[in-house]
Every structure is written in C-alpha cells, then in structure tokens.
Amino acid sequence: MYLWFGALKLFPGGSPAEDLVERTVSALTFGIVGGDLARVGAAISEIGIAVVLLSFRAPRWCAVLLIGHVVLVSTPLVLFPGEMWAGPLRASFEAQYILKNLVTVAAAVVIASSHPRVR
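Every letter in the sequence shown is one number past the one before it in this note's numbering, and letter 76, counting from 1, is 83.
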C-alpha cells in the first residue's frame, strides 16, 4: 500500500491526497516547503517505508518510520478540523483515509515488532 500510494504521489495529479499533502506540509513548515517539493517528499518517504517493510531487514527502524509517518499524516485532523469533521464522530472522506492509515500503521508496527530479530 505504501509503495502504491507513494508512487502515485510522484506524478502531479496522481493522488487524490495530493492537495491535502501539499497544504499539510506547507502548514507544518510554515510555508517553507510546499507544492511539488512537499508532494515528492511525501512520495519518497512512503516509497522508502515500503522498501524497508518489504526488505524486513530493519524492523525497529521500520516501526520508528511508521510511527513518525502516521504522526505527520494525522496532523490534518488537527490542522484542518473544519474539513476533516462534519460533526462529532462524523469524519469526512479525507479524515476516514487518515484514520485508515492509523489502523494500517498500528498493524504494521505490531508485525514489525514481533519479528524474531527484534526480540
């Protein structure tokens, strides 16, 4: 999933989350990073996470990357609450996408931390 969604972000207009990624990165960097640089940076980070996940050579590092990624990906829930929430516990489509990432990352962290090399 990370590989696919990351690859989509490599191409302008390739990801439905492109605008949200660009606005979020811009807000988090106080406007220093935005546009194509934000989109490509997000793409490279997601592809990198996919490569680490697929290689399973560094499960602890993978868990750290995943947790860091999910923290950053979750920030629109706080930065843009008017767009993310239609009411109490009524998530927009974008918010549902983000919440799905939380579940996916939680599962990946559990899997990575259960690898024999971690124990």
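We put the CB at the ideal spot given by N, CA and C, even for glycine.
How big is the Cα-Cα spacing for residue i and residue j?
| i | j | result |
| --- | --- | --- |
| Gly76 | Ala34 | According to the sequence as given, residue 76 is His; it is not Gly. Cα-Cα distance, rounded: 16 Å. |
| Pro66 | Met8 | 17 Å |
Thinking C-beta only, is residue j closer than 8 Å to residue i?
| i | j | result |
| --- | --- | --- |
| Phe18 | Glu53 | no |
| Ser81 | Met91 | no |
| Ile56 | Leu73 | yes |
Assuming residue i and residue j form a contact by the criterion Cβ under 8 Å, report the distance between their Cβ atoms to the nearest whole angstrom.
| i | j | result |
| --- | --- | --- |
| Ala49 | Val28 | 5 Å |
| Leu109 | Thr31 | Wrong, their Cβ atoms sit about 15 Å apart, outside the cutoff. |
Would you give the residue range spanned by the alpha helix (DSSP H) that residue i belongs to?
| i | result |
| --- | --- |
| Gly55 | 42 to 62 |
| Ala24 | Run containing Ala24: none; DSSP gives neither H nor E here. |
What does a CB cutoff of less than 7 Å around residue i pick up in its chain, not counting 5 residues either side in sequence?
| i | result |
| --- | --- |
| Leu60 | Tyr9, Cys69, Ala115 |
| Thr111 | Met8 |
Just to confirm the assignment, what range does the beta strand (DSSP E) spanning residue i have?
| i | result |
| --- | --- |
| Gly94 | 92 to 94 |
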